[in-house]
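Structure first, then comments.
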Amino acid sequence: MKTPLHPVWDLESIFSGGSSSETFAAYLIELEEDVRKLQHLLNETPAPISLQETAAFDPILELLQSCYIRVSEGSAFVSCLSSQNQKDKKATQLQGAISSLAAMLNGSKSKFDNTLSQTSDSVWDAWIAREDIQPLAFALNESRTLAREKLSPELEGLALDLGVDGYHGWGKFYNTIVSKVNIPFEQDGETVMLSAGQAANKLSDSDRNVRETVFANWEQAWTDVEDFCADTLNHLAGFRLKLYEKRGWDDILKEPLAINRMSRQTLDTMWDVINGAKPALVQYLERKAELLGVDKLSWSDVDAPVGKSSGKITYDEAAINIVEQFAKFSPKLSSFAEMAFEKRWIEAEDRPGKRPGGFCTSLPLSKATRIFMTFSGTPSNVSTLAHELGHGYHQHIMEELPALNQRYAMNVAETASTFAELIVADALVQAATDEQEKLALLEDKIQRSVAFFMNIHARFLFENRFYEQRKKGLVNADELSKLMVEAQQEAFCGVLATDHPHFWASKLHFYLTGVPFYNFPYTFGYMFSAGIYARAQQEGTAFADKYDDLLRDTGRMTVEELAQKHLGTDLTQPEFWQNAADLVIADIEQFLQMTATEK
131 MKTPLHPVWD LESIFSGGSS SETFAAYLIE LEEDVRKLQH LLNETPAPIS
181 LQETAAFDPI LELLQSCYIR VSEGSAFVSC LSSQNQKDKK ATQLQGAISS
231 LAAMLNGSKS KFDNTLSQTS DSVWDAWIAR EDIQPLAFAL NESRTLAREK
281 LSPELEGLAL DLGVDGYHGW GKFYNTIVSK VNIPFEQDGE TVMLSAGQAA
331 NKLSDSDRNV RETVFANWEQ AWTDVEDFCA DTLNHLAGFR LKLYEKRGWD
381 DILKEPLAIN RMSRQTLDTM WDVINGAKPA LVQYLERKAE LLGVDKLSWS
431 DVDAPVGKSS GKITYDEAAI NIVEQFAKFS PKLSSFAEMA FEKRWIEAED
481 RPGKRPGGFC TSLPLSKATR IFMTFSGTPS NVSTLAHELG HGYHQHIMEE
531 LPALNQRYAM NVAETASTFA ELIVADALVQ AATDEQEKLA LLEDKIQRSV
581 AFFMNIHARF LFENRFYEQR KKGLVNADEL SKLMVEAQQE AFCGVLATDH
631 PHFWASKLHF YLTGVPFYNF PYTFGYMFSA GIYARAQQEG TAFADKYDDL
681 LRDTGRMTVE ELAQKHLGTD LTQPEFWQNA ADLVIADIEQ FLQMTATEK
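Here the sequence shown is numbered in this note's numbering, starting from 131 and rising by one per residue.
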């Protein structure tokens with residue numbers, strides 16, 4: 131791989147000119163014409179009453195999938211523009227335009243699904259048995275079943291249209307709130323204002339004074355905007371609850387479970403196993419408190435480093451390390467990562483104005499991806515980079531499939547990313563020769579387990595309870611903070627001295643409108659990937675092709691079917707989950723051994 135690498139991504143090769151791109155403006159015009167053409171086709175196509183009449187579905191399916199690919203491409207491009215510069219007002223306007231097109235397309239998909247639901251079983255069975263349609267059978271059956279549980283296409287279409295300036299509008303308003311949040315920080319005798327993303331990185335600083343000061347200022351910054359955030363969260367939940375009520379859905383988890391193609395039994399079994407593993411995590415956190423010289427950890431200590439790493443890691447060093455470690459598992463995964471670095475698919479520069487967090491977004495038309503993060507040289511940054519490259523590889527594996535079969539859920543998306551992260555984290559721990567560095571890397575790995583087993587569990591508990599309370603009326607900022615603290619204390623088993631009351635305000639995931647309950651799928655992905663990783667360790671390099679096959683199937687079966695087909699395991703039973711949890715417990719046991727003499 132050629133170095134030095136450029137830490138700023140290339141968006142010009144997608145559409146030149148940034149948010150003022152004339153090429154992109156023309157692209158949107160053509161796309162809108164095709165979405166309207168699709169609407170017209172659907173209006174002219176009744177439910178077929180014979181196999182011959184299903185031929186009318188062919189141009190609809192082709193155009194529908196083409197529009198999906200192009201809306202995804204446009205949405206990804208605009209997301210990149212707004213993330214790299216939160217003050218780009220033209221990007222905000224483009225977000226509105228692409229959101230409107232997405233709503234129109236989703237309305238058309240809703241109408242198509244309703245037409246499918248009105249098709250008789252005999253005609254349906256004959257149609258999906260066609261050789262060219264059969265590969266899409268899972269996605270089409272899923273859409274048909276869900277359509278029978280929704281409102282009429284007219285009402286679903288109305289909800290989608292109103293959602294652009296309502297539901298999704300509130301989600302975008304949250305981004306505006308975040309762009310105005312600045313956190314003061316003393317640096318070299320001067321007060322500098324950090325963006326939310328920059329301040330978040332400081333919360334894992336090795337200096338406790340830095341962490342405590344930044345965290346206090348962080349809490350205050352979100353307290354200052356708590357009413358705006360509370361209004362936003364209440365309206366997002368209110369919209370969702372009213373729509374569910376009109377559909378006749380009582381269970382708040384019905385939609386997120388359906389989206390993630392998993393059963394309630396699988397979810398409950400996973401959380402049960404995690405709760406059983408928490409005593410080990412409590413031991414780890416108590417030992418960490420001893421090492422940091424405090425009675426109990428505060429919230430800002432949870433991500434504090436233990437041990438001593440060999441200083442800051444450069445972006446180039448991180449890239450070389452990731453490519454090398456991926457190669458030990460799969461040459462194809464390694465080659466993909468190298469291509470992403472060299473083609474500048476990654477935005478990693480540490481500069482003000484960027485939104486917080488990290489993501490990987492797919493450009494299915496270009497058959498490429500873009501990765502966004504703020505790289506400041508920590509081991510955690512290296513893990514994030516590997517994580518996002520895992521997402522990119524997943525899409526890379528699926529890019530030749532029909533568009534409907536590329537629509538995989540968040541939980542299996544998080545499987546690919548977390549698996550990639552595990553490869554790098556495990557390899558770095560094993561390769562470290564210095565005891566303090568090994569400890570630092572191992573501890574960073576365990577921190578991730580705390581995030582998935584405790585932090586995300588707290589989010590899940592909070593969101594469940596918030597929705598139950600929201601059914602009775604608006605929930606004010608103080609009540610939201612109270613719910614958040616209660617959830618944190620339960621999820622962390624009371625091991626922390628202080629909590630993060632305004633976590634609900636600071637966490638973007640609560641405000642994302644694409645997927646409800648943007649929490650448990652992360653933990654599923656972590657646990658599922660850990661189970662797969664355990665299998666990969668047993669089978670060695672021969673597992674790489676099996677892994678690709680598993681990823682390729684993620685858009686065309688439930689997670690239970692996926693696990694049964696590729697791993698021969700039943701996810702509704704605890705055995706698979708326990709094997710995954712045992713990997714975490716083994717890491718903690720190693721950590722406790724290594725630090726036994728340091729107490």
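Backbone N, C-alpha and C fix where the C-beta goes; we use that ideal spot for every residue, glycine too.
All values derive from a computational prediction rather than experimental measurement.
Ordered list of alpha helix (DSSP H) runs contained in the segment 455-517, each at least 4 residues: 461-472
Beta-carbon spacing of VAL580, VAL432 below 8 Å: The residue given as residue 580 occupies position 450 in the sequence shown. The residue given as residue 432 occupies position 302 in the sequence shown. Taking 8 Å as the Cβ cut-off, VAL580 and VAL432 qualify as a contacting pair.
Continuous beta strand (DSSP E) assignments of at least 3 residues falling wholly in the segment 289-346: 312-317 and 320-325
Contact between the segment 360-374 and the segment 620-628 (3+ Cβ pairs under 8 Å): no
Ordered list of alpha helix (DSSP H) runs contained in the segment 380-443, each at least 4 residues: 384-389 and 394-422
Cβ neighbour criterion (16 or more within 10 Å) applied to ARG166: Counted from its first residue, the sequence shown places residue 166 at position 36. So ARG166 counts as exposed.
Three-state class that DSSP yields for LEU697 in the structure shown: As a first step, residue 697 must be located in the sequence shown, where it is residue number 567. Helix, per DSSP.
From GLN668, MET503 and TRP257, residue whose alpha carbon lies closest to that of ILE179: Residue numbering aside, residue 179 sits at position 49 when the sequence shown is read from its first letter. Among GLN668, MET503 and TRP257, the Cα nearest to that of ILE179 belongs to TRP257.
Local Cβ density within 10 Å of GLY327, reported as buried at 16 or more and exposed below that: Sequence index remark: in the sequence shown, residue 327 carries index 197 (1-based). GLY327 comes out buried.
Spatially closest choice to SER202 from GLN182, LEU172, ASP188 and TYR157, by CA coordinates: Residue 202 sits at position 72 when you count from the first residue of the sequence shown. When each option's Cα is compared against that of SER202, the closest is TYR157.
For LEU161, the three-state DSSP class (helix, strand or coil): Within the sequence shown, numbered from 1, the residue matching residue 161 stands at position 31. In the structure shown, LEU161 sits in a helix (DSSP, three-state: H, G or I).
Span of the alpha helix (DSSP H) around TRP139: Walking along the sequence shown from the start, residue 139 turns up at place 9. Here TRP139 belongs to no alpha helix (DSSP H), and DSSP marks it neither H nor E.
Validate contact between the segment 242-260 and the segment 670-678 using beta carbons, cut 8 Å, 3 pairs: no
Cβ distance (whole Å) where VAL689 is taken to contact ILE389 below 8 Å: Translated into positions along the sequence shown, residue 689 becomes position 559. Translated into positions along the sequence shown, residue 389 becomes position 259. The Cβ separation is near 12 Å, so there is no contact.
Cβ-heavy atom distance, LEU463 to the ligand ADP, below 7 Å: What this structure holds is no ligand at all, so the ligand ADP is not there to describe.
Neighbourhood of ALA666 by C-beta distance below 6 Å, restricted to the same chain and skipping five residues each side: Position 536 of the sequence shown, counted from the first residue, corresponds to residue 666. Only PHE673 meet the Cβ criterion.
Rounded straight-line distance, which links the Cα of SER212 to that of ALA329: Numbered from 1 along the sequence shown, position 199 holds the residue referred to as residue 329. Numbered from 1 along the sequence shown, position 82 holds the residue referred to as residue 212. Approximately 19 Å between the Cα atoms of the pair.
Integer-rounded CB distance, given that PRO631 should sit under 8 Å from MET614: In the sequence shown, the residue the question calls residue 614 occupies position 484. In the sequence shown, the residue the question calls residue 631 occupies position 501. With a Cβ gap of about 6 Å, MET614 and PRO631 count as contacting.
Extent of the continuous alpha helix (DSSP H) run through ILE662: Start at 1 with the first residue of the sequence shown, and residue 662 comes out as number 532. Residues 650-669.
Three-state class that DSSP yields for LEU531 in the structure shown: Your numbering for residue 531 matches position 401 in the sequence shown. Coil, per DSSP.
C-beta atoms of SER547 and HIS517 nearer than 8 Å: Translated into positions along the sequence shown, residue 547 becomes position 417. Translated into positions along the sequence shown, residue 517 becomes position 387. Result yes, Cβ atoms of SER547 and HIS517 sit closer than 8 Å.
Whole-angstrom C-beta distance between VAL436 and LYS458, which should lie under 8 Å: By 1-based counting over the sequence shown, the position of residue 458 is 328. By 1-based counting over the sequence shown, the position of residue 436 is 306. Wrong, their Cβ atoms sit about 26 Å apart, outside the cutoff.
Nearest-angstrom Cβ-Cβ length linking GLY655 and ALA543, presumed shorter than 8 Å: By 1-based counting over the sequence shown, the position of residue 655 is 525. By 1-based counting over the sequence shown, the position of residue 543 is 413. Contact holds; Cβ gap of about 7 Å.
Proximity below 8 Å, CB of GLY507 to CB of ILE443: On the sequence shown, residue 507 is found 377 positions in, with the first residue counted as 1. On the sequence shown, residue 443 is found 313 positions in, with the first residue counted as 1. A contact, by the Cβ cut-off of 8 Å.
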